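Reviewing the structure listed below.
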Amino acid sequence: MNLLKKLRYVPKSFAIVSALVVALTATAATFAWGPTDREIKTWPNAFTYVTFNSIDGNPNYGYEREFTTIKDVTAGSGYNGSMKLTPGHEYEVQMYVHNNAGSEYNASGVGIAKDVKIRAALPASVTGNATINGFLTSSNANPSEIWDSANLTSDGTVHLEFINNSARIKTHFLDTSLSDSIITSGVAIGDQALDGKWRGCLEFAGYIKFRFKVKDTTFTMSKEVRKHTTDSGGWTESYTANPGETVDFLIRYKNTGDLTQENVTVKDVLPTGLTYVPGSTVLANANNQTPKQVSDNVTGVGINIGSYTPGSDAWVRFSAKVVNKDVLACGVNTLKNVATVTTAAGPKSDDAVVIVTTECIPVEKTIEVCRLSDNKYPVTIKESEFDSSKYSKNPADCKPIEVCRLDDKKIVTIKESEYDSNKYSKNLADCDAPKGAPTEIPSTGPAEFIGNIVGSSALGYGAYSYLNSRRALKKAHN
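In structure tokens, the structure reads:
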């Protein structure tokens, strides 16, 4: 539905604003019908002159300006202003014709259209979006030409083929075939004969129809693999190979549509682990019953294998070599090889798999340890080499510590593994001079008193020694 038609179904206040927007953007807009500036009347009002398809509310048709519609004959749908095309389906285009002049003007000839001609522009192909355009002309009509289009959509590219002898005209007074030139130069039509004359009024309205088919551009393709051999057969979707072995790949193509497919291309993408064997690509088809060597580009930019009529087919074969085991990963390697066939209808892909298994050599686990002989950490050794008399799994065993050696009250550095609480103390204060009670009962004379007073000072110790020596001398004389 075009923008002007949509305005008829919204509130008046909104319609006024919308009409202004349409007027301001008319130069940029593309309408399905035209001319957009022709006079339009609402049923049952008629015109005093010849004009076509300019009535709104036609009880038999409705909105006359959209006079070109389409239906899917194969699917059994109704007529519509747009259609998504399906390959293999047949479609019918309908164009409505109504001279809007009042019937009272027919007698004088003023209301009879002259040199009426109709034409349709049918695209040869549709890629995503296109239109079928209908054109109606008359030498004494105002405007002298009107047009309308039906919108077409598709998935990918489809090809349209006009069905010869399908065009017809039907009015209350005429039902006959039209020339196939309806889709080229156009054909003369009339409400009673194909004489270009069309009377005014609804009772003389009619339909022009023709059909076309969307060509089926489908095709099939497949990809297979086998052990390299000169024999036939043996193809499969998956093959288990050995490192260094050569394998063959086969790509099949068939045109399953009803249209010749031109410039069909084949391309293959080899995975890492497979290398192409130069000169191994051959092509077989109706023109080459005996396989013919072709370009090595099959694994590069691809190769063009030619054009194929409906039902014809071809195949491409080439060889590849599995790399050596030292290049492959340890264990099972799944090498997926993807081929793509492309026609005007688009690409299709399939894959084949080569499975290669390589032996996994166990790798012994290594560990980091403390080497007790030199307190070095970390030292990496094999797990099987671990000896608790030489190594420790505790990194702290290589860490030197300061301790108090109890037998001589000396602070020394030892390995943590050498620590023995009977020999060492981690409390360094245990190596300070003892402050406990003396090992002998002290004398209570002046010398001992002075020694206790002065303590460990150098001067006190000297006085203590002097007094003590005098006491000893006195005892000797006695």
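In the working numbering, the protein residues as written are -4 to 473. Yeah, the Cβ is synthetic: ideal placement off N, Cα and C, and Gly gets one too. These figures come from a predicted structure and were not determined experimentally.
(request) Determine which residues share a DSSP beta bridge with residue 53 and list them. (result) 57
(request) Output the boundary residues of the beta strand (DSSP E) element that contains residue 331. (result) 326 to 338
(request) Identify whether residue 215 lies in helix, strand or coil by the three-state DSSP scheme. (result) strand
(request) Compare the C-alpha of residue 357 against each of 370, 103 and 377 and name the closest. (result) 377
(request) Check the C-beta distance from residue 209 over to residue 86 and give it rounded, since I have them as a contact under 8 Å. (result) 7 Å
(message) Short of 6 Å in beta carbon distance, which residues of its chain neighbour residue 233, apart from the five on each side in sequence? Order them along the chain.
(response) 348
(request) Would you mind sorting residue 276 into buried or exposed? The rule is 16 or more other CB atoms within 10 Å of its CB. (result) buried
(message) If contacts are defined as beta-carbon pairs under 8 Å, then residue 95 and residue 50 qualify, I think. What distance do you get, rounded to the angstrom?
(response) 5 Å
(request) Along the beta strand (DSSP E) that carries residue 247, what are the first and last residues, could you check? (result) 241 to 250
(request) Check each candidate in 145, 204 and 426 and name the one with the smallest Cα separation from residue 397. (result) 426
(request) Check whether the Cβ atoms of residue 310 and residue 254 sit closer than 8 Å, and answer yes or no. (result) no
(message) For residue 131 and residue 286, I'd like the C-alpha separation in whole angstroms.
(response) 56 Å
(request) Note down, in chain order, each residue of its chain lying with its Cβ closer than 7 Å to the Cβ of residue 125, except the 5 sequence neighbours on either side. (result) 118 and 147
(message) Just to confirm, is the Cβ distance from residue 120 to residue 81 under 8 Å?
(response) no
(request) Flag this pair as yes or no: are the beta carbons of residue 122 and residue 149 separated by less than 8 Å? (result) yes
(request) With DSSP as the reference, label residue 379 as helix, strand or coil. (result) helix
(message) Under 8 Å, with one C-beta from each stretch per pair, do the segment 278 to 292 and the segment 210 to 223 reach the 3-pair mark?
(response) no
(request) Kindly provide the ranges of any beta strand (DSSP E) runs that are 3 or more residues long and lie completely inside the segment 109 to 178, ordered along the chain. (result) 112 to 116, 120 to 132, 140 to 157, 163 to 165 and 170 to 172
(message) Which residue wins for smallest C-alpha separation from residue 362, given the options 104, 386 and 324?
(response) 386
(request) Return the Cβ separation of residue 168 and residue 190 in integer angstroms, given the expectation that the two are a contact with Cβ distance under 8 Å. (result) That pair is no contact at about 12 Å.
(message) Please report the distance separating the alpha-carbon of residue 174 from that of residue 110.
(response) 16 Å
(request) Please state if the CB of residue 272 and the CB of residue 315 are separated by a distance shorter than 8 Å. (result) yes
(message) With a threshold of 8 Å on Cβ separation, who are the neighbours of residue 418 within its own chain once the five nearest residues in sequence on each side are excluded?
(response) 400, 401 and 402
(message) Can you tell me where the beta strand (DSSP E) holding residue 100 begins and where it ends?
(response) That residue, residue 100, is in no beta strand (DSSP E); it is neither H nor E in DSSP.
(request) For residue 394, count neighbouring Cβ atoms within 10 angstroms of its own Cβ and tell me buried if that reaches 16, exposed if not. (result) exposed
(request) Look up residue 183 in the DSSP assignment and say whether it is helix, strand or coil. (result) strand
(request) Could you tell me whether the Cβ atoms of residue 506 and residue 262 are closer together than 8 Å? (result) The displayed coordinates of the chain run from -4 to 473. Any statement about residue 506 would go beyond what the structure contains.
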